[in-house]
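Heads up, the thing below is written out as structure tokens.
Chains as they are written, first to last, in my numbering: chain A, 1 to 738; chain B, 739 to 895.
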């Protein structure tokens, strides 16, 4: 396996020498277009994702962004395995941002799962976005790359290409295709001992129509999938050569520092730049509708100069709004109960009236920022009628269209330059346009590349946040202590339909959403609604278990008779964690389970309090059923990642609103889990053989509830509000474990 | 004139004395391996070595490193190997980062590797507590468990 060392920076989109073999068996026209438009030498696209050169070197184009989730390795593994190529012969490249490499399969996959793509719904004005616009994306999100693009496009492309190469070899030898076999980038005719490399066949193979139907391998035939293959992007990430959007550079580049309206949705009124223009390196002060920017010959000079620029923004109704006001608004919405039904099973209201006992729990979580390590940035160069763009994005094609639109150009006149992403987590999804739009408008004023960079403070205060949510629960019990009804009202909007559902066999359920709109812009945040909803539901289920007098693990197992995959991950996690066995003095375990993005995850958190009565998470034991594992080491890494991301949110995560604006500035007041807080993580992959599930997100949702449920056992305090840093555990009374 | 060595090469830059080393490296010298994360020495993404010790370059003005030896991620292996032409392309820490598949998005890892290299130079066998107190870099992808394993794999007993 070789890594393409091609520098992303200022490189043109595609493609040296070699033959492309096909986007998908269903779209033969794409490899024809690729061969017509992209090929310069003897190489051929046999599908538009697979290019074969005469020397038998194979390039696989990945139509997804690499943001650390390993997709530049796992997707090529899927194609290479079906192709029967040797992994050493594979080079991986980012697919260019053209519609030839758009990934409608992902959208179709998500649409099949949740009705409409989860991360595109709810907050955005869905009706304003045409279906064509949505299909024409290269989105990386929804934990979807491997399970949809991989299963639907990459494996199919590999299998189709293999079939075409076999057909060519059989024709050349005058034998039946069925007499030929493939391995290690060669076709063989076993009876005669003849062999041809794919490179020797590719020019002919590219003339064939890809087959309409291909047979994918049975897992027993896998040679690459299922192995822990080293990630192709890692070597460049240890020697400083990996390039991110923020690393775009050129000799004549200018840099913009920008101040956006601190109260969301307000406009710039006036600017007093003083003598800032006289400072070294400062080129221009740019006033935009909602912001002011300083452009200089270095980012530091621009940023320092911007500090001296005075600006006034219009006043707004939100100027005095605080988090307390927003949560009071949520309370009003919940009390008015002008709701939209999410789920009705049986008759929850009647069951409440007949109940021997009812418990209630009112939960809240705050807004959260994404805080990707690479601050938001975008470089745009508008020259003549061409707009070039460099930015770390989860949607290259969408960004290209957006920049063209803002620049007043047609999409064909925009050129996108790929890079790695310094974290995504949903911040770099389409419709979170703020840096992109501003960078484009600023660059319009110059004929050289202009790099607009948000400071960490800008990044924190001008995000599109995980929504704050309030969620009120009631549960009804009969005289025997059996739970009979589940009643839940929560504030919207819903971004992920179904996230508030529970798998438990409670006979009467009423779940509904009420209005939760505020002036704070929101977006998808790793695991989207599952992150809040799972904290709520898995905590309240824990309350029900304790009220029932049952062990929280046993209670879940009993209530999940219809969900064997849930039971299995609970069982594996509990056993591996030693759940129910003796723990060190002052330690306790909490458990939670959630299905999201096609994977089912159970987590057991072992917790204690430190000498200052602050929560400590010692170990998280996790079992994930993601169907099967394409690259087991990547599965583990993603699960670890999701757990740490969830732990930061649970312990510390809080964006609060004061005077209409975000109060937090930087990492000191938006605290992060670091080495000293990071627990040991023990991951168990449960291979159920079911359809592939997602990996980037599903380990985040259960974490907060698992930790809080453990803290309840340890302290007797039920955590109904996050983050945990706001709780005082100094007067705690451990409860007796059942 | 700001004068200092970067990865063994003398640099003389006509820049303001208060310009942080981070921006001198990135915008003046075009060396983008050192990353901007927070600008206030909180996250460690910008960590470089000054005379072999980890320093957060985003708050280190070039006036403070006049005449000194800076090592960045781009020069780490070379500086570690000295003038030995047969030395490996990567330092032991970098190789451990590959062996343990530490990076995810990778953006913080330049700083993480520089911080760990500095720690191991003075404490070749750090305990978990040593690691916790010395390595305070932020990684949003949560590579911490692998960082810890990779450090322990490098320990000289």
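Cβ atoms here follow ideal geometry from the backbone N, Cα and C, with glycine treated the same way.
Distance cutoff 9 Å, beta carbons only. Does residue i sit that close to anything in chain B?
i                      : result
residue 298 of chain A : yes
residue 307 of chain A : no
residue 233 of chain A : yes
residue 648 of chain A : yes
residue 371 of chain A : yes
residue 455 of chain A : yes
residue 676 of chain A : yes
residue 237 of chain A : yes
residue 667 of chain A : yes
residue 652 of chain A : no
residue 280 of chain A : yes
residue 672 of chain A : yes
Using only the alpha-carbon positions, how far apart do residue i and residue j sit?
i                      : j                      : result
residue 662 of chain A : residue 322 of chain A : 9 Å
residue 493 of chain A : residue 528 of chain A : 11 Å
residue 391 of chain A : residue 375 of chain A : 11 Å
residue 362 of chain A : residue 341 of chain A : 19 Å
residue 457 of chain A : residue 277 of chain A : 24 Å
residue 515 of chain A : residue 491 of chain A : 6 Å
residue 318 of chain A : residue 839 of chain B : 46 Å
residue 532 of chain A : residue 722 of chain A : 10 Å
residue 122 of chain A : residue 52 of chain A  : Note that residue 122 of chain A has pLDDT 35, beneath the 50 cutoff, so the model's placement of it is unreliable and the number below is only indicative. One C-alpha to the other measures close to 43 Å.
residue 279 of chain A : residue 311 of chain A : 18 Å
residue 594 of chain A : residue 564 of chain A : 13 Å
residue 295 of chain A : residue 666 of chain A : 23 Å
residue 580 of chain A : residue 90 of chain A  : 48 Å
residue 730 of chain A : residue 649 of chain A : 21 Å
residue 220 of chain A : residue 50 of chain A  : 24 Å
So, is the C-beta of residue i closer than 9 Å to a C-beta in chain A?
i                      : result
residue 769 of chain B : yes
residue 858 of chain B : no
residue 855 of chain B : no
residue 766 of chain B : yes
residue 689 of chain B : Lying before the first or after the last residue shown, residue 689 of chain B is absent from chain B, which here runs from 739 to 895.
residue 830 of chain B : no
residue 747 of chain B : no
residue 788 of chain B : no
residue 865 of chain B : no
residue 744 of chain B : no
residue 784 of chain B : no
residue 881 of chain B : yes
residue 739 of chain B : no
residue 811 of chain B : yes
residue 797 of chain B : no
Please look up how many angstroms separate the CB atoms of residue i and residue j, rounded, as I've assumed it's under 8 Å.
i                      : j                      : result
residue 784 of chain A : residue 704 of chain A : No statement about residue 784 of chain A is possible, as the shown extent of chain A runs from 1 to 738 and does not include it.
residue 510 of chain A : residue 348 of chain A : 4 Å
residue 862 of chain B : residue 893 of chain B : 7 Å
residue 162 of chain A : residue 83 of chain A  : 5 Å
residue 695 of chain A : residue 596 of chain A : With a Cβ gap of about 11 Å, residue 695 of chain A and residue 596 of chain A do not count as contacting.
residue 757 of chain A : residue 724 of chain A : One cannot answer for residue 757 of chain A here, as it falls past the ends of chain A, which runs 1 to 738.
residue 488 of chain A : residue 477 of chain A : No, residue 488 of chain A and residue 477 of chain A are not in contact; Cβ-Cβ is about 16 Å, not under 8 Å.
residue 44 of chain A  : residue 206 of chain A : 4 Å
residue 387 of chain A : residue 413 of chain A : 6 Å
residue 426 of chain A : residue 526 of chain A : 6 Å
residue 843 of chain B : residue 150 of chain A : Actually they are not in contact, since the Cβ atoms of residue 843 of chain B and residue 150 of chain A sit about 20 Å apart, beyond 8 Å.
residue 777 of chain B : residue 455 of chain A : 6 Å
Taking buried to mean at least 16 other C-beta atoms within 10 Å of its own C-beta, is residue i buried or exposed?
i                      : result
residue 584 of chain A : exposed
residue 482 of chain A : exposed
residue 471 of chain A : buried
residue 72 of chain A  : buried
residue 745 of chain A : Absent from the model: residue 745 of chain A. The displayed extent of chain A is 1 to 738, so no value can be given.
residue 746 of chain B : exposed
residue 784 of chain A : Examination of residue 784 of chain A is not possible in this model, given that chain A is present from 1 through 738 alone.
residue 847 of chain B : buried
residue 637 of chain A : buried
TODO: Count the CB pairs spanning the stretch 823 to 840 of chain B and the stretch 779 to 796 of chain B that are closer than 8 Å, and state whether there are at least three.
DONE: Segments in contact, no.
Open item on the list: For the stretch 249 to 265 of chain A against the stretch 450 to 466 of chain A, do three or more pairs of beta-carbon atoms, one drawn from each stretch, fall closer than 8 Å, so that the two count as touching?
Closed with: Yes: the two stretches touch, three or more of their Cβ pairs being nearer than 8 Å.
- [ ] Could you tell me whether the stretch 396 to 411 of chain A touches the stretch 501 to 509 of chain A, where touching means 3 or more Cβ pairs closer than 8 Å?
- [x] Result no; under three Cβ-Cβ pairs closer than 8 Å.
Open item on the list: Using 8 Å as the cut-off, can you tell me whether the stretch 669 to 682 of chain A makes contact with the stretch 547 to 559 of chain A, which would need three or more C-beta pairs spanning the two stretches below that distance?
Closed with: no
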